[in-house]
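**Q** In this note's numbering, the protein residues as written are -1 to 145.
Cβ atoms here follow ideal geometry from the backbone N, Cα and C, with glycine treated the same way.
Everything numeric in this text was worked out from a predicted model, so none of it was measured.
Below you can see the structure in the form of structure tokens.
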């Protein structure tokens, strides 16, 4: 029998809990991102500075329900991290979406006519959502609504 010790395994990082109601605080480079992801024909006006976006997230381990509320309506997606699902993108095309944990970040990749990557991460009482499409990157900074 060998006397070598088995090396200790680093514990997996804890899965962050995104549950809660998140209100858009500010955006960075959103218009350029929207032009890349939607195409210039779809972006006909500037986004209002007082644009209201709310993310209501319910999370149980790797199971998520994400409800996005805007003036334009409500969208809701339920998924399990690691599984693939089909949904319509913002142009109405069907895309395949997958999600995975990258350390403590939740990464969602939608592949269709274009590839869109959305990364969510928690920083204190803020949720940072980084969206990438082609060469455009935008960040939306959400504050936790404690009401």
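Thinking just about the alpha-carbon of each residue, which of 58, 65, 87, 77 is nearest to the one in residue 111?
**A** Here residue 111 refers to the residue found at position 113 when the chain shown is read from its first residue. Ranked by Cα distance from residue 111, the first of 58, 65, 87, 77 is 87.
**Q** Measuring alpha carbon to alpha carbon, tell me which of 96, 133, 129, 119 ends up nearest residue 108.
**A** Taking the first residue of the chain shown as position 1, residue 108 is located at position 110. Considering only alpha carbons, the answer is 96.
**Q** In chain order, what residues of the same chain have a beta carbon less than 8 Å from the beta carbon of residue 73, not counting five sequence neighbours either side?
**A** Stepping through the chain shown from its first residue, residue 73 is reached at position 75. Cβ neighbours of residue 73 beyond the five flanking positions: 65, 66.
**Q** Find the nearest neighbour of residue 93 within the set 123, 100, 106, judged by alpha-carbon distance.
**A** Translated into the one-based positions of the chain shown, residue 93 becomes position 95. Here the closest residue by C-alpha is 106.
**Q** Since residue 26 is in the beta strand (DSSP E), which residue starts that stretch and which ends it?
**A** One-based indexing of the chain shown puts residue 26 at position 28. First-last of the beta strand (DSSP E) with residue 26: 18 to 26.
**Q** Any idea what DSSP makes of residue 149, helix, strand or coil?
**A** No answer is possible for residue 149: the residues shown for the chain start at -1 and end at 145.
**Q** Taking only the alpha-carbon atoms, compute the straight-line gap between residue 14 and residue 101 and give it to the nearest angstrom.
**A** As a working mapping, residue 14 is identified with position 16 in the chain shown. As a working mapping, residue 101 is identified with position 103 in the chain shown. Going by the C-alpha atoms only, they are around 10 Å apart.
**Q** Helix, strand or coil for residue 112, going by three-state DSSP, please let me know.
**A** Here residue 112 is taken as the residue at index 114 of the chain shown, counted from 1. Coil at residue 112, not helix or strand.
**Q** Taking just the CA atoms, how far does residue 78 sit from residue 117?
**A** Your numbering for residue 117 matches position 119 in the chain shown. Your numbering for residue 78 matches position 80 in the chain shown. Answer to the nearest angstrom: the Cα atoms are 15 Å apart.
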